[in-house]
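Residue numbers for the sequence shown, in this note's numbering: 85 to 600. Virtual Cβ for every residue (Gly too), placed ideally from N, Cα, C. Please read these numbers as outputs of a predicted model, since none were measured by experiment.
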Amino acid sequence: MASHPTERDGSGDERLSTLLHNMNAVQAIASAVEGTIGPKGLDTMLVDEEGGVIITNDGVTILEEMEVRHPAARLMIGLARSQQREVGDGTTTATLLAAALVTEGAAQVQRGVPVAKVIAGIELGINEAVAKLKEAALPIEAFEDERLFHIAYIAGREQEDIARLVIEGAKLIGRDKMLEPDFAFSELVTAGEGAENEVLNGVIIHQRPLSREMPKRLDNVCLFVLNDALAPEEMDDEALGTEIGFQRYLQLKEEYRRNLKKLLELGVNAVVLDRSCDSMAEEFCLDHGIVVLHRVFRSERERVARYTGARSLKRIALNKSVEELSHSLGYAEHLEYDETLGQVRVIGGRGISTATMVIGASTGEVVGERERIAKDAAAAVQAALRGGYLPGGGSLELFLSRHLEEWRTSVQGMEGFGVEAVAAALRKPFAQMIRNAGFNPLEKIEQVKAAQAKADSSSIGLDFDTGHCADMLESGVVDPALVKLHALKTAGEVSRAILRIHTVIRKKSPAIPSNE
C-alpha cells in the first residue's frame, strides 16, 4: 500500500490515530440515535443506576441522558443542544450529518488528501448547500395553510391531537408574537398526568398554595410577585449576639409587620414567591384570605408577571410606600387551584396576552415524552412561520447531494474531495430512514435519484410505507427550512472542528493546596 502525505514524517501516524479515534467516538454517538430517525424510527430506553427509565424518540434527550466521556463525543452533545436551543427540532438529523461529515472527511484524509484541504472543501460544500436550501424555501402565508399542520404532525411524531393543539395555540398567540426573535413558543407547552388536552388562555403555575386552608379560587385577582422570600431581612448570628444587633432585629421585625399590612391596603389577594414564606406572613395571609404560592420556578414567575402586568420585586421593596408599590401589581380575572393536577391557573390577565398548551397523558411514565413531542411540534411550527418550509423525508438532502456531485467539477484543487465528503454525508439521514423502514438503502437511493433526475424535481422522495417514489410536497411531507439550515451549518462547524484536532493531550490535574 502506497504511503500518503500524512505518513511521511514521524507525526503522521499519531495524527491519523487521533483522527480515527475521534471518528469512532462520533460514530458511537450517531449509532445511539440513528434508530429513531424517520417515520418508522423506534424508541430508545435509557436506564439509570437506580432503575429509573426514560423511553423516548427524542434525539437531544437521548444524547443528554446517555453517559459520554470522550471529548469529541461531547462536541456532538453540544451540537444537539445548540440545535435544540436555536430551533427546537432536528437534533437527530444534525447529529447524523456531523458524524457522516467526520467519517467521510476522515476517509479522504486516509486516501492522502491533506486534512486542511478536506476542511476547506467541506466548508465550500456546506456553503453551497446552504445557499440552495435558502433558494428552495417556500413561505407559510397563514395559520390555515395545510403545510403548517403537516409540519406540526410530523414533528409531533404523527400524533394528531398534539398537532391540532399546537396549531390552535399558535393562532391564539398570533403571527407577530410568533416571529419575535426572543419568543420561544415551545415554552408554552406543559403536560400532566390525567389532564385533558386544551389551549388555555392564561398561565399555569406548577405549585400548590402554601396552606390547604388558603382559598382554592379567587376572582378579581390582585397579584404581588417577589423574586425573593416573604420574610424579614436576614441578620447573621454574630450580629444578633450583640445588644445593638438584637435591637436592630426587633426593629426589622416590626417594620416587616407593618409592611405586611401594606398588602391589605393594596388589595393583594395572591402572592407569588421565588423562595419561602415565614410563619408570621403565612399566618397573616391565612387570616386575610391571601393565596401564597412559594418556590415558583423562575420561568413561571416571569410568565405570570408578564401576563398580569406585574413587576417582580425584591423584599426590600416592601419598604416603599403603598403608592409606589401599587404600580408593581398584576391583575387577572380568576385564579384557581386544581387539586387533582396540583397546579394553579391564572386566567384573564391584564398584561401581555399569552396561552398555555396543556397536553394530557394517561400515565406518569408518558408525561415527559408527550411533553417533549409537543415541544418539538411547537418549535417546528414557529420555525416554519419564521423561515418557511422545504420538502421533507430526506428528499431535499438527496437532491443537494446530487447537486454537489455535479458542482464539484467546478471546484479546482484538492478541496473538491471535501465537497465529495459533504455530498456523501447528505445521503446519510435519508439512508438511515430507509433502513429504519425496512428497505435496502442502496437500492432505494438509486431509485429516488433516478426519479428526481427524470422529473427534474427536488421534492421526489420515498413513501416509507410502500417503498415507492412519491412527491413529498404533494404528500404533505415537509420540514421547516430553519431546522434544515441550522442542522447543516452546525454539523459543518462541529465536523470541521473535530477534523482539525491534531492530537489529544491530557491536562495536568489542578494542584492540591497544602495543609501546612
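- With fewer than 16 other beta carbons inside 10 angstroms of its own, I589 counts as exposed.
- S115 is the residue among L583, P525, L350, S115 whose C-alpha sits nearest the C-alpha of L180.
- For I161, the CB contacts under 7 angstroms within the same chain, skipping 5 residues up- and downstream, are L147, E148, V152 in chain order.
- DSSP, read as helix, strand or coil, puts D132 in coil.
- Looking at the DSSP output, H487 sits in no beta bridge, so it has no partner there.
- For E252, the closest of R456, R379, V442 by C-alpha to C-alpha distance is V442.
- Look at L425 here: in three-state DSSP terms it is coil, with no helix or strand label.
- Rounded to the nearest whole angstrom, the CA to CA distance from E264 to A191 is 43 angstroms.
- A Cβ-Cβ distance of about 3 angstroms is found for the pair G143 and T176, placing them in contact under the 8 angstroms criterion.
- The alpha carbon of E417 has as its nearest neighbour, out of I529, G560, N304, A571, the alpha carbon of N304.
- V131 has its alpha-carbon roughly 42 angstroms from the corresponding atom of A215.
- For C369, the enclosing alpha helix (DSSP H) begins and ends at 363-371.
- A direct Cα-to-Cα measurement between L377 and P293 gives close to 5 angstroms.
- When DSSP states are grouped into helix, strand and coil, T447 belongs to the coil group.
- DSSP, reduced to helix, strand and coil, places E225 outside both helices and strands of the structure shown, so it counts as coil.
- Per DSSP, reduced to three states, the secondary structure at F308 is strand.
- For I288, the uninterrupted beta strand (DSSP E) run begins and ends at 286-289, by DSSP.
- Residue range 273-277 is occupied by the beta strand (DSSP E) that includes G276.
- For T140, the enclosing beta strand (DSSP E) starts and ends at 137-140.
- In the structure shown, L510 falls within a helical segment according to DSSP collapsed to helix, strand and coil.
- Within the model, the alpha-carbon separation for D245 versus A458 is close to 10 angstroms.
- Between L488 and G276, the beta carbon gap of about 47 angstroms keeps them out of contact (Cβ cut-off 8 angstroms).
- Look at H418 here: in three-state DSSP terms it is strand.
- Separation of the CB atoms of L566 and R470 is rounded to 6 angstroms, and the pair is thereby assigned contact status at 8 angstroms.
- The beta carbons of R429 and G522 sit no closer together than 8 angstroms.
- V144: member of the alpha helix (DSSP H) spanning 143-149, first to last residue.
- The C-alpha of L307 is placed about 15 angstroms away from the C-alpha of K398.
- Check the Cα spacing between A508 and each of Q531, E481, I518, K528: the tightest is with E481.
- Within the same chain, G278 come within 7 angstroms of T424 by CB-CB distance, once the 5 residues on both sides are set aside.
- With respect to the 8 angstroms criterion, L310 and D358 are classified as neighbours on the basis of their beta carbons.
- L347 sits close to I374, with the two beta carbons spaced by under 8 angstroms.
- Three or more pairs of CB atoms, one per stretch, sit closer than 8 angstroms, so the region 548-562 contacts the region 471-479.
- Distance from the CA atom of E504 to the CA atom of Q466, rounded to whole angstroms, is 33 angstroms.
- Excluding the 5 residues flanking it on each side, G448 has same chain C-beta neighbours closer than 6 angstroms at E277, in chain order.
- Residue pairing by DSSP puts T440 in a beta bridge opposite L284.
- Per DSSP, reduced to three states, the secondary structure at P525 is helical.
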